[in-house]
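Asks: Right, I'll just put the structure down here and ask away after.
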């Protein structure tokens, strides 16, 4: 079952992106190079955001809830801004590289258009972002254990896979809109990409306690944009009472155990009066004989 969850969620998260890569990018070596370069630029932005986050956590007061909440807001905003900054830097780099390829090429047209570069770079950003978003979740889906115990969401892996797929496709769309806005100097389109990226990053997360995952709306959330939050956490299940210390009420005598199973007191008394001979015949006499023989042999071995 865990293997089915792992492969199913993997194909849901990366299936459309892999299909786009195989049908539109894999046959062109130049597009593959630009896709890998785009993934590398996103990875560098994540590295810088992680360094700033690590330093901020070390110098902050970990006992202050307000300070930790503000630090989380700062980390999300910084990460999004760094990603979009590196997207703009990658656009500038591709612009220079495309001009250099045009001078080296014998043809009058560019070997790859700016729209194709935007699509390829956006897919590279999405591939790397999706991999870092869902790789730990997929590792947990292999087992042991499953989600759903102690009030956790049973659809956690599935929702995370669909959200990862959406993030990958959003990065591709953001790349196309961002590059087109920079090419035509439509800065409102660039600003729309940044704002929409921030909005997606601040959507409330699902009610999955103790595990970071996909950001989805949940009925228990308060419905406003902001940090992933809930009004309350699911309650822990109550422990079962100890059976040894549990006693039945005085009006209900305990059930009697017979060779044929457990019966209620009234039924056991009726069975005793009507079928007393059945209990005597139903007891396996040969087992009693074997037990006595075994005890005699054990006693003889101990004397030796």
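In full-length UniProt numbering, the protein residues as written are 1 to 304. By construction, the Cβ of each residue, glycine as well, lies at the ideal position given by its N, Cα and C atoms.
1) From 119, 63, 154 and 68, pick the residue whose C-alpha is nearest to that of residue 25; which is it?
2) Identify whether residue 180 lies in helix, strand or coil by the three-state DSSP scheme.
3) Let me know the secondary structure DSSP gives residue 143 once reduced to three states.
4) Within 10 angstroms of its Cβ, does residue 84 collect 16 or more other Cβ (buried), or is it exposed?
5) Determine the DSSP secondary structure at residue 58, reduced to helix, strand or coil.
6) Kindly indicate which residue of 34, 63, 138 and 35 has the alpha-carbon position closest to the one of residue 6.
7) For the alpha helix (DSSP H) holding residue 4, just list the boundary residues, first then last.
8) What span of residues does the alpha helix (DSSP H) with residue 201 cover, start to end?
9) Once DSSP output is grouped into helix, strand and coil, what is the label at residue 232?
10) Taking Cβ to Cβ, would you say residue 13 is nearer than 8 Å to residue 134?
11) Hey, how far is the Cα of residue 122 from the Cα of residue 54?
12) According to DSSP, is residue 171 part of a helix, a strand, or is it coil?
13) For residue 27, which of helix, strand or coil comes out of DSSP?
14) Classify residue 115 as buried or exposed, calling it buried when 16 or more other Cβ atoms lie within 10 Å of its own Cβ.
15) Inspect the beta-carbon positions of residue 175 and residue 125 and report whether they are closer than 8 Å.
16) Measuring CB to CB, does residue 80 end up less than 8 Å from residue 171?
17) Please go through the same chain and pick out, in chain order, the residues whose beta-carbon is closer than 6 Å to the beta-carbon of residue 181, but skip the five residues on each side of it.
18) What's the gap between the Cα of residue 89 and the Cα of residue 41?
Replies: With the structure as the only source:
1) Taking the Cα of residue 25 as reference, the smallest distance to any Cα among 119, 63, 154 and 68 is reached at 119.
2) In the three-state DSSP reduction, residue 180 falls in the helix class (H, G or I).
3) Three-state result, residue 143: coil.
4) Of the other Cβ atoms in all chains shown, 16 or more fall within 10 Å of the Cβ of residue 84; this residue is therefore buried.
5) If DSSP states are grouped into helix, strand and coil, residue 58 belongs with the helices.
6) Out of 34, 63, 138 and 35, 138 has the C-alpha closest to the C-alpha of residue 6.
7) Where residue 4 is concerned, the enclosing alpha helix (DSSP H) stretches over 2–24.
8) In the DSSP assignment, residue 201 falls within the alpha helix (DSSP H) that extends over 187–201.
9) Its pLDDT being 41, under 50, residue 232 is placed unreliably in this model, and the coordinates cannot settle the point.
10) Yes. Within cutoff.
11) If you take the alpha carbons of residue 122 and residue 54, they lie about 27 Å apart.
12) The answer is helix: DSSP assigns residue 171 an H, G or I state.
13) In this structure, residue 27 counts as coil in the three-state DSSP scheme.
14) Its Cβ having fewer than 16 others within 10 Å, residue 115 is exposed.
15) Yes, the pair counts as a contact, with Cβ atoms nearer than the cut-off.
16) Result no, Cβ atoms of residue 80 and residue 171 do not sit closer than 8 Å.
17) If we look at residue 181 and ignore the five residues flanking it on each side, its Cβ neighbours are 189 and 190.
18) If you take the alpha carbons of residue 89 and residue 41, they lie about 9 Å apart.
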